Amino acid sequence: MSQWVYGFGDGRAEGRAEMRNLLGGKGANLAEMSNLGLPVPPGFTITTEVCTYYYANGKTYPAELEDQVAKAFAIIEKAVGARFGDAKNPLLVSVRSGARVSMPGMMDTVLNLGLNDETAAGLAAQSGDPRFTYDSYRRFIQMYGNVVLGVDHHHFEELLELHKEDRGVTLDTELGAEDWKALVGAYKAKVEEERGEPFPQDPMVQLWGAISAVFGSWHTPRAVTYRRLHRIPEDWGTAVNVQAMVFGNMGDDCATGVAFTRNPSTGEDEFYGEFLVNAQGEDVVAGIRTPQHLTVKGKTANRSTLPAMEEVMPGVFAELERVREKLEAHYRDMQDIEFTVQKGKLWMLQTRSGKRTAAAALRIAVDMEQKKLIDRRQAVARIDPASLDQLLHPMLDPKAKRNVIARGLPASPGAAAGRAVFSADEAEDRAAKGETVILVRVETSPEDIHGMHAAAGILTTRGGMTSHAAVVARGMGRPCVAGAGDLRIDAKARTMKVRDVVVRDGEMITIDGGTGEVILGEVPTIQPEMSGDFATLMGWADEIRRLGIRANADTPTDARTARRFGAEGIGLCRTEHMFFDGDRIIAMREMIIAENTAGRRAALDKILPMQREDFIELFRIMKGLPVTIRLLDPPLHEFLPHTTAEMEEVAKAAGVDLDTVRHRAAMLKEQNPMLGHRGCRLGISYPEISEMQARAIFEAAAAVQKETGETVEPEVMVPLIAVPREFDILKELIDRVAGEVKAATGVEVSYLVGTMIELPRAVLCAAEIAKTAEFFSYGTNDLTQTTYGLSRDDAASFLQTYERRGILAQDPFISIDVEGVGELVRIGTERGRSTRPDIKLGICGEHGGDPASVRFCHEVGLDYVSCSPYRVPIARLAAAQAALAEAETQAEPSQV
Ligand code: PEP
Ligand code: MG
57 MSQWVYGFGD GRAEGRAEMR NLLGGKGANL AEMSNLGLPV PPGFTITTEV
107 CTYYYANGKT YPAELEDQVA KAFAIIEKAV GARFGDAKNP LLVSVRSGAR
157 VSMPGMMDTV LNLGLNDETA AGLAAQSGDP RFTYDSYRRF IQMYGNVVLG
207 VDHHHFEELL ELHKEDRGVT LDTELGAEDW KALVGAYKAK VEEERGEPFP
257 QDPMVQLWGA ISAVFGSWHT PRAVTYRRLH RIPEDWGTAV NVQAMVFGNM
307 GDDCATGVAF TRNPSTGEDE FYGEFLVNAQ GEDVVAGIRT PQHLTVKGKT
357 ANRSTLPAME EVMPGVFAEL ERVREKLEAH YRDMQDIEFT VQKGKLWMLQ
407 TRSGKRTAAA ALRIAVDMEQ KKLIDRRQAV ARIDPASLDQ LLHPMLDPKA
457 KRNVIARGLP ASPGAAAGRA VFSADEAEDR AAKGETVILV RVETSPEDIH
507 GMHAAAGILT TRGGMTSHAA VVARGMGRPC VAGAGDLRID AKARTMKVRD
557 VVVRDGEMIT IDGGTGEVIL GEVPTIQPEM SGDFATLMGW ADEIRRLGIR
607 ANADTPTDAR TARRFGAEGI GLCRTEHMFF DGDRIIAMRE MIIAENTAGR
657 RAALDKILPM QREDFIELFR IMKGLPVTIR LLDPPLHEFL PHTTAEMEEV
707 AKAAGVDLDT VRHRAAMLKE QNPMLGHRGC RLGISYPEIS EMQARAIFEA
757 AAAVQKETGE TVEPEVMVPL IAVPREFDIL KELIDRVAGE VKAATGVEVS
807 YLVGTMIELP RAVLCAAEIA KTAEFFSYGT NDLTQTTYGL SRDDAASFLQ
857 TYERRGILAQ DPFISIDVEG VGELVRIGTE RGRSTRPDIK LGICGEHGGD
907 PASVRFCHEV GLDYVSCSPY RVPIARLAAA QAALAEAETQ AEPSQV
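Numbering (the numbering used here), first residue to last: 57 to 952.
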């Protein structure tokens with residue numbers, strides 16, 4: 057017989073933390089905390105397998121389930137000393153979802169289940185506190201009504217507001233037992249009106265209704281969207297946790313709270329949390345009341361005027377401190393916990409690995425390594441490479457003027473400027489049009505996730521450091537300022553106001569998630585540095601990785617950034633990018649529209665010195681590291697003069713008339729420029745272009761070598777080869793120019809000549825090409841384009857549909873398509889090595905900075921990846937993790 061139900065609580069449990077797949081994250085950790093001897097209210101977990109069964113069998117349950125639930129219930133009843141549905145001494149339970157990975161806010165919770173008219177009367181008598189009882193009952197009707205019966209919250213909220221108006225009060229705390237009792241009646245009537253049947257009074261009906269609702273919520277659109285965004289498989293399912301209620305709302309010796317065992321923004325080893333006295337369940341995260349801090353330090357740092365738990369409940373705080381130490385030592389990671397205090401007794405309701413900023417993740421990993429809780433390899437394995445992006449973005453320039461209009465909490469670091477928008481839909485619409493936006497909300501909820509994704513930053517006026525906005529923004533790596541209480545939002549008018557300043561929809565604002573500042577207008581930013589824990593951890597990653605990491609850099613600024621972030625050379629310098637600005641584009645256009653070799657040479661003579669200077673600068677910055685320079689690969693259409701003014705400019709520079717320019721531009725126009733006269737084809741047609749570039753490269757190398765005494769290592773790269781002969785022709789030309797420069801300067805420069813592999817034909821002919829090519833660099837942008845027959849420039853418009861429908865798991869221009877394009881990389885590598893075993897192999901398409909693609913490159917055995925300078929640290933870490941993953945699979949061959 058299958059076990060569908062696992063009990064926990066009372067110092068023991070049937071489950072363990074490792075059983076997360078079966079019990080879900082919450083259930084597995086409740087079991088683990090019970091095993092650790094922590095105070096966990098007794099309960100049981102219905103496994104994720106039941107969810108799978110439920111959907112596979114027309115929403116029915118396994119036959120044994122009811123029996124197993126009844127047995128588990130009996131154990132809780134015994135532990136608590138109360139009975140479910142008992143009129144005098146009723147047991148109340150909470151019902152919560154719990155998937156394998158936490159899905160914040162996606163699945164719903166029902167508290168106080170088991171209350172009905174009879175048990176409420178019993179509880180009121182037994183507790184001697186009818187106010188608490190009927191407050192709990194009305195909360196239950198609202199939660200159950202909403203989650204299970206689909207009655208919208210606003211119905212209940214309206215009834216509450218009306219009642220308060222009638223009674224002439226403004227706060228919930230001013231209402232007494234009779235008020236709540238009256239509201240219970242009104243709520244029940246509302247449910248009946250909306251649903252056409254009375255609110256269920258039978259606790260068992262309530263229980264199974266709630267269980268079905270949890271399983272049902274696995275398929276709400278919100279949950280489906282969340283899974284799609286986070287790539288969580290549909291078939292994982294959720295578990296259901298049923299647990300004896302403990303109450304944080306029974307008086308002033310009760311409380312409920314959430315905490316992190318370390319500071320989730322900075323990673324500092326300090327207890328960090330918030331609580332509310334006399335409150336229940338979701339009140340803290342909902343951001344409706346302003347919570348109090350746990351510690352005096354936290355209170356002071358956040359300029360709170362409310363007393364800390366350390367001050368008002370010192371005994372409970374001391375116990376919570378002990379729990380914190382125990383959990384950190386056991387899990388060896390920062391935990392995010394939830395707790396309730398009932399009449400001075402602490403109860404633990406949840407622990408899980410806490411979401412943190414990238415800076416905090418680094419601090420925690422380095423600190424735990426130093427405290428010998430984990431080793432360097434574990435520290436490196438723990439950091440999500442993509443999250444480093446947060447630390448690599450510009451910060452606000454401290455010297456810039458800031459017109460600070462409000463201050464909130466520094467909820468998620470980083471700075472962002474953008475247009476203020478007041479709804480998630482608008483954020484998404486405007487971002488799709490290419491605008492940068494800041495989403496401004498009173499508070500956020502799971503319905504806002506798509507807008508939060510689309511926004512560059514998030515600003516809320518209500519809620520604390522653990523509010524939905526703060527937690528989700530940190531997870532997404534978006535800068536966030538939360539709880540900027542001075543701002544007044546008028547969602548209808550789409551404005552926000554503070555004193556006499558009004559910010560309208562679409563106006564520029566800047567937020568600094570590191571300081572909590574809200575600033576009017578756009579503030580300039582400065583480049584980040586890599587130091588401290590970041591540098592330490594990257595050093596460990598470098599010890600572990602095998603792949604080399606280079607950068608795609610075309611300008612001195614790019615090259616300097618690349619060096620600062622630890623690039624070990626330039627893997628792609630796109631020389632056409634050197635000709636986009638100023639006078640250069642005119643010379644370039646002059647060269648392109650020239651009708652004959654003489655005209656082209658005249659233009660090239662103007663370009664040569666500029667090009668040589670560019671290379672000198674790059675070689676100086678890279679100080680002897682390899683620099684791969686690619687011969688011109690211009691999509692010609694990007695360079696052709698379009699407007700009459702541009703044509704006149706070119707005509708003047710070339711000394712020809714306007715009609716000649718117009719005629720040449722028309723002749724050069726291609727139907728399909730991506731498949732046209734680009735790449736090496738240009739050098740084959742006009743060898744003088746390649747000659748000029750080779751000369752600029754070798755003269756620059758000779759000059760820098762002479763100047764610095766250090767060797768310079770140029771690697772000359774030929775783009776878009778399809779036929780081996782194309783490569784051979786250009787290689788002969790390059791070697792000839794190298795010889796000429798050597799003869800003229802007397803400087804011997806050691807260099808390589810290689811090719812990009814960007815076309816399936818080049819892959820298939822790799823053995824032949826490698827006879828003369830000294831290196832290959834996979835240009836996976838073009839290789840993806842030509843393998844799929846999918847235009848790089850046009851695919852974005854429909855690829856999203858493909859992803860949504862599951863036709864493609866992800867955009868193949870972002871993460872390498874392992875089965876198709878990846879297979880070509882494998883074939884090219886094998887064939888290239890068959891004729892030149894020591895051929896140098898790299899990749900320089902955009903995939904070089906994508907962690908999954910980096911892992912693939914490691915597995916295939918490439919020598920290096922080259923990516924944009926800002927992604928160099930991400931690639932370094934991803935390469936180290938690829939090496940760790942390989943070591944792990946080798947250690948456990950049975951799991952391959
Ligand atoms: C490529 O095709 O992958 C590449 C790096 O070249 P480009 O993006 O310049 O075409
Ligand atoms: Mg290319």
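Virtual Cβ for every residue (Gly too), placed ideally from N, Cα, C.
Given the structure is predicted, the values throughout are model-derived calculations rather than measurements.
For Phe869, the three-state DSSP class (helix, strand or coil):
coil
What does a CB cutoff of less than 6 Å around Gly250 pick up in its chain, not counting 5 residues either side in sequence?
It is worth fixing the name first, because residue 250 is Glu in this sequence and not Gly. Closer than 6 Å at the Cβ level, and outside the excluded window around Glu250, lie Val207.
Which parts of the segment 425 to 469 are runs of the alpha helix (DSSP H), unbroken and 4 residues or longer, counting only runs that do not cross its ends?
432 to 438
Any heavy atom of ligand 1 closer than 6 Å to the Cβ of Trp631?
Per the sequence shown, residue 631 should be read as Thr rather than Trp. Taking 6 Å as the cut-off, the C-beta of Thr631 does not count as close to any heavy atom of ligand 1.
Which of the three DSSP states, helix, strand or coil, is assigned to Ala69?
Three-state DSSP puts Ala69 in a strand.
Use the C-beta contact count for Glu253: other C-beta atoms within 10 angstroms, 16 or more gives buried, fewer gives exposed.
Glu253 comes out exposed.
Below 8 Å CB to CB, which residues in the same chain sit around Leu815 once its five sequence neighbours on both sides are set aside?
Leu776, Ile777, Ala778, Asp838, Leu839 and Thr842
Report yes or no: do the segment 755 to 772 and the segment 719 to 728 share at least 3 C-beta pairs separated by less than 8 Å?
no
Inspect the beta-carbon positions of Leu687 and Leu418 and report whether they are closer than 7 Å.
no
Classification of Ala364 by the beta-carbon crowding that lies within 10 angstroms, buried from 16 upward
buried
Would you call the segment 305 to 318 and the segment 328 to 337 in contact, with 3 or more CB pairs under 8 Å?
yes
Are there any heavy atoms of ligand 1 lying less than 6 Å away from the beta-carbon of Glu726, as far as the coordinates show?
no
From Thr361, Arg432 and Ala549, residue whose alpha carbon lies closest to that of Trp596
Arg432
For ligand 1, any of its heavy atoms closer than 6 Å to the Cβ of Asp873?
no
Quick one: Cα of Leu444 to Cα of Ile930, how far?
6 Å
Can you look up Gln951 in the DSSP assignment and give me helix, strand or coil?
Summary for Gln951: the model assigns pLDDT 38, below 50, so the residue's position carries little reliability, and this model does not support an answer.
Using a strict less-than 7 Å threshold between each residue's beta carbon and the heavy atoms of ligand 2, what residues do you get?
Asp689, Pro775, Leu776, Met812, Glu814, Gly835, Asn837 and Asp838
Compute every distance between the C-beta of Gly884 and the non-hydrogen atoms of ligand 1, then say whether any falls below 6 Å.
no
Sequence-distant residues of the same chain with beta carbon closer than 8 Å to Gln951, five excluded per side:
Caution applies to Gln951, whose pLDDT of 38 falls short of 50 and renders its modelled position unreliable; the model cannot decide the point.
Would you tell me roughly how many angstroms separate the C-alpha atoms of Val877 and Phe912, rounded to the nearest one?
Computed Cα separation, rounded: 11 Å.
One or two residues paired with Pro363 in a DSSP bridge
Bridge partners of Pro363: none, in fact.
May I ask you to report which of helix, strand or coil DSSP gives Met57?
Residue state, collapsed to three classes: coil.
Pull up the DSSP beta-bridge partners for Pro770, would you.
Val683
Ligand 1 heavy atoms versus the CB of Cys736: any closer than 6 Å?
no
Met666 to Val683, Cα distance in whole Å?
18 Å
Within the same chain, show all residues whose beta-carbon is closer than 6 Å to that of Gly474, passing over the 5 residues directly before and after it, in chain order.
Excluding residues within five positions, the ones whose Cβ falls inside 6 Å are Thr492, Val493, Ile494 and Ala512.
Quick one: grab the DSSP three-state call for Gln937.
helix
Can you say whether Gln59 is buried or exposed, counting buried as having 16 or more other CB atoms within 10 angstroms of its CB?
Answer is exposed; the Cβ neighbour count stays below 16.
Please go through the segment 776 to 840 and give each complete beta strand (DSSP E) segment of 3 or more residues, from N-terminal end onward.
808 to 813 and 831 to 834
Beta-carbon proximity of Phe64 to Ser90, cut-off 7 Å:
yes
For Lys725 and Gly845, I'd like the C-alpha separation in whole angstroms.
21 Å
Is it true that the CB of Gly625 sits closer than 7 Å to the CB of Leu681?
For Leu681 and Gly625, yes; Cβs fall inside 7 Å.
Just to confirm the assignment: which complete alpha helix (DSSP H) runs, minimum length 4, are found wholly within the segment 110 to 184?
121 to 136 and 173 to 183
What are the start and end residues of the beta strand (DSSP E) that includes Gln406?
Lys401 to Ser409
Between which two residues does the alpha helix (DSSP H) carrying Phe188 extend?
Pro186 to Val203
Put Ile102 into one of helix, strand or coil per three-state DSSP.
strand
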